[in-house]
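>
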Amino acid sequence: MVIRTEYNSQEFVLPAYSEIPGVGLFLEQVSKYINEYLSPLGEPELTGSMISNYVKKGIIDNPVKKQYGREQIAYLIFIAIAKTVLSLEDITTMIELQRTHTDVEAAYAYFREKFMEILEAVFESRTIDALPGESLIRTLAQNIMITAAHKIYLDLTFDGMKEVSPANEEKPS
């Protein structure tokens, strides 16, 4: 028996920045647009209330006349994927860092290219020979450990950034 993880790099392609609608989309249109792109990943859907919450928390800009533009949608695609491993606080930190170093279009282009490249590399060699059963168990355990190690690294990095942030530096008297 062979267990094959279902991932098709032709089926999953994030839109290029220029392909994201430049005209404003309403809340439900945005969530539908993003969910259609991300559905091959099997991740939980992005809801209108989640998007409204990101606006309320200041993670993305307010819609203009109740419509979300290309920049906001690009951020929401990143958030939808990043929220599987990062807290909203860490996502906010990442977006704030990005805003100080590059524009949204360049950051999204980098994210899109690298995410699809890494996703394909991870799935490329993941056909598991499930006989004997120990092979499957070891492969799953190894992937859990790799994921945990990456998560620990991210958490410690974001914690370290909080310790050295300007807000935590002592102010001269």
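FYI, in our numbering the residues of the sequence shown are 103 to 275.
Idealized CB from N, CA, C, for every residue including glycine.
Note that the structure is a prediction, hence the values are computed from the model and not measured.
Among L258, F217 and T186, which has the Cα closest to the Cα of P146?
When each option's Cα is compared against that of P146, the closest is T186.
> Compute the distance between the beta-carbons of I161 and I193, then report whether it is under 8 Å.
Yes, the pair counts as a contact, with Cβ atoms nearer than the cut-off.
> Should the region 161–175 be called in touch with the region 236–248, which here means at least 3 C-beta pairs below 8 Å?
No, because fewer than three Cβ pairs between the region 161–175 and the region 236–248 fall closer than 8 Å, the two stretches do not touch.
> Assuming G278 and V166 are in contact, meaning their beta carbons sit under 8 Å apart, how far apart are those beta carbons, in whole angstroms?
Residue 278 falls outside the range modelled here, since the chain spans only 103 to 275, and no answer is possible.
> Under three-state DSSP, which class holds L238?
Residue state, collapsed to three classes: helix.
> Is the beta carbon of S133 less than 8 Å from the beta carbon of L143?
Their beta carbons are not under 8 Å apart, which means S133 does not touch L143 by this criterion.
> Within 10 angstroms of the Cβ of L258, are there 16 or more other Cβ atoms? Answer buried if so, exposed if not.
Classification for L258: exposed.
> Using C-beta distances below 8 Å, list every residue in its chain close to A211, excluding the 5 sequence neighbours before and after it, in chain order.
Within the same chain, A211 has close Cβ partners A118 and Y119.
> Work out the CA separation of A209 and E222 for me, nearest whole Å.
Those two C-alpha atoms are separated by around 20 Å.
> Take L178 and list the residues in its own chain whose beta-carbon comes closer than 8 Å to its own, dropping the five residues that flank it on each side.
For L178, where only same-chain residues beyond five positions count, the Cβ hits under 8 Å are V132, I136, L148, I153, Y156, I162 and Y170.
> Could you tell me the alpha carbon to alpha carbon distance between A232 and E121, rounded to whole angstroms?
Low per-residue confidence applies at A232: pLDDT is 48, beneath 50, and the placement is therefore not dependable enough to give any value.
> Among D205, E215 and N245, which has the Cα closest to the Cα of V224?
Of D205, E215 and N245, the residue nearest in Cα terms is N245.
> Who are the Cβ neighbours of M263 in its own chain at under 7 Å, not counting the five residues just before and after it?
These residues qualify, in order along the chain: T195.
> If we define contact as Cβ-Cβ less than 8 Å, is L190 a contact residue for chain E?
Of the protein chains in the structure, only one exists, and it is not chain E.
> Please determine, among F114, L140, Q174 and N164, the residue with the shortest C-alpha to C-alpha distance to P123.
That would be Q174, whose Cα lies nearest to the Cα of P123.
> How would you label I254, buried or exposed, when you count the other beta carbons within 10 angstroms and need 16 or more for buried?
Burial call: exposed.
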